[in-house]
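**Student:** Right, I'll just put the structure down here and ask away after.
Number of protein chains: 2
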Amino acid sequence: MATLSAAGRRDAESRDYNANLAECPGHQLLATLSDKWVTLVLSALADGPLRYSGISRIVAGASQKMLTQTLRKLERDGLVARSVTPSVPVRVDYELTALGESLLPVQRAIKTWAETHIEDVATAREAYDQR
Amino acid sequence: MATLSAAGRRDAESRDYNANLAECPGHQLLATLSDKWVTLVLSALADGPLRYSGISRIVAGASQKMLTQTLRKLERDGLVARSVTPSVPVRVDYELTALGESLLPVQRAIKTWAETHIEDVATAREAYDQR
DNA sequence: CAGTATCCGTCATGATACTG
DNA sequence: CAGTATCATGACGGATACTG
């Protein structure tokens with residue numbers, strides 16, 4: 001068969017796009033940064049190292065599952081360092097790596113845009129909604 | 132009742148956190164920016180106005196539903212302007228607003244960080260995975 | 001203290017079909 | 001051309017219970 005059905009072509013394009021997206025550094029970063037808990041954990045650690053319980057106190061809304069999952073992800077990406085002190089009971093400290101700290105300015109840039117323009121967005125939404 | 136159960140307290144904290152997050156400008160922006168299709172549509176329009184079909188050609192992997200949904204969201208937030216020409220058949224043009232364009236530098240900043248540090252992340256992941 | 005294991009509801013995504 | 005409507009599914013977050 002030389003030709004592809006329209007559906008077949010769409011499928012192929014879709015696969016290509018998804019594959020490209022998955023590999024795109026920018027999108028990977030956005031996926032990480034936009035994670036609800038990632039944001040909070042990162043800012044919690046911005047002020048210095050914390051123990052597991054410390055983080056969970058600051059990021060009060062996180063379930064254990066989400067907190068651990070988030071910390072593992074950040075550790076895997078080299079943004080956060082995890083150090084275990086094998087006392088009884090064990091003590092685990094988390095802190096930002098240099099890589100993790102280099103992300104803070106980006107976070108700030110986003111925050112700045114948001115704070116600067118949130119009013120405009122809110123206004124636009126109101127205008128759009130009652131119409 | 133003066134006291135709350137542990138579960139009750141967690142619930143309350145969770146509600147507070149989620150409410151705060153939902154209102155947090157930074158997180159709203161991140162939620163928008165990290166959307167797969169938002170990113171692509173925004174960069175498609177960065178080069179100038181496009182018609183619906185033009186966007187769908189460039190952002191080839193998007194279903195009609197997702198494309199329309201994304202465009203509506205962007206329009207609602209005032210990032211994109213939609214103009215209908217009531218010819219037969221109808222013609223609809225989309226273009227970035229000033230607000231939308233002001234977002235492009237932020238996108239670039241993210242892209243730059245990602246491209247600069249993606250290697251480090253990849254290395255960290257490898258180190259973490261085979262362990 | 002710092003997790004792991006498991007189950008379950010919801011919610012967004014995307015495929016398909018239809019329309020002014 | 002530029003959408004809207006509907007439906008299935010699958011990933012994800014959260015609650016709960018258990019452990020070294």
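Quick note, the sequences are listed as chains A and B, same order. The numbering of the first sequence is this note's numbering, which starts it at 1 and goes up by one. The numbering of the second sequence is this note's numbering, which starts it at 132 and goes up by one. Built from N, CA and C at the ideal position, the CB exists for glycine as well.
Output, in chain order, the set of chain A residues within a Cβ distance shorter than 7 Å of G157 of chain B.
**Tutor:** I110, K111, A114
**Student:** Could you pull the start and end residues of the alpha helix (DSSP H) that S184 of chain B belongs to?
**Tutor:** According to the DSSP assignment, S184 of chain B belongs to the alpha helix (DSSP H) that extends over 183-189.
**Student:** For the structure I just gave you, are there three or more beta carbon pairs, one from the segment 235-251 of chain B and one from the segment 25-34 of chain A, closer than 8 Å?
**Tutor:** yes
**Student:** Can you tell me whether T216 of chain B is buried or exposed? The criterion is at least 16 other CB atoms within 10 Å of its CB, across all chains shown.
**Tutor:** exposed
**Student:** Reducing DSSP to helix, strand and coil, say where S34 of chain A ends up.
**Tutor:** coil
**Student:** Out of B:E206, B:S233, B:A240, which one is the CA nearest neighbour of L104 of chain A?
**Tutor:** B:A240
**Student:** Buried or exposed: which applies to V41 of chain A, given that a residue is buried once 16 or more other Cβ atoms fall within 10 Å of its Cβ?
**Tutor:** buried
**Student:** Have a look at T201 of chain B and A193 of chain B and give me their C-alpha separation to the nearest angstrom.
**Tutor:** 10 Å
**Student:** Taking Cβ-Cβ distances shorter than 7 Å, what residues in chain A pair up with I249 of chain B?
**Tutor:** Under the 7 Å cutoff, chain A gives P25.
**Student:** Can a CB atom of chain B be found closer than 9 Å to the CB of V121 of chain A?
**Tutor:** yes
**Student:** Among B:I186, B:E257, B:G209, B:D260, which has the Cα closest to the Cα of A175 of chain B?
**Tutor:** Per the Cα distances, B:I186.
**Student:** Straight-line CA distance for P89 of chain A to S83 of chain A?
**Tutor:** Between the C-alpha atoms of P89 of chain A and S83 of chain A there is a straight-line separation of about 14 Å.
**Student:** Between Y183 of chain B and L198 of chain B, is the Cβ-Cβ spacing less than 9 Å?
**Tutor:** yes
**Student:** Give a yes or no on whether the minimum CB-CB distance between Q107 of chain A and chain B is below 9 Å.
**Tutor:** yes
**Student:** Taking 9 Å as the CB-CB cut-off, is D93 of chain A touching chain B?
**Tutor:** Taking Cβ atoms only, chain B never reaches closer than 9 Å to D93 of chain A, which makes this a no.
**Student:** Cα separation between E126 of chain A and T170 of chain B?
**Tutor:** 23 Å
**Student:** Hey, A212 of chain B and E226 of chain B are a contact pair by Cβ (cut 8 Å); roughly how many whole angstroms apart?
**Tutor:** 5 Å
**Student:** Give the interface partners of A162 of chain B over in chain A, defined as CB-CB distance under 8 Å, in chain order.
**Tutor:** S34
**Student:** Chain A partners of P233 of chain B, CB-CB under 7 Å?
**Tutor:** Checking the sequence, you will find Ser at residue 233 of chain B rather than Pro. Near S233 of chain B (Cβ distances below 7 Å), the residues of chain A are H117.
**Student:** Only counting runs of 3 or more residues, tell me where the beta strand (DSSP E) segments fall wholly within the segment 86-122 of chain A, in order along the chain.
**Tutor:** Secondary structure remark: continuous beta strand (DSSP E) runs of at least 3 residues inside the segment 86-122 of chain A, in chain order: 91-96.
**Student:** Under a CB-based cut-off of 9 Å, is D47 of chain A close to chain B?
**Tutor:** Taking Cβ atoms only, chain B never reaches closer than 9 Å to D47 of chain A, which makes this a no.
**Student:** So what does S83 of chain A bridge to, in DSSP terms?
**Tutor:** A:D93
**Student:** Given a threshold of 16 other Cβ atoms within 10 Å of its Cβ, counted over all protein chains shown, does D208 of chain B qualify as buried or as exposed?
**Tutor:** buried
**Student:** Return the chain-ordered list of same chain residues with a C-beta closer than 7 Å to the C-beta of L99 of chain A, the five sequence neighbours on each side being excluded.
**Tutor:** Contacts found: G78, L79.
**Student:** Measuring only the C-alpha atoms, how far is D93 of chain A from P49 of chain A?
**Tutor:** Roughly 7 Å separates the two Cα atoms.
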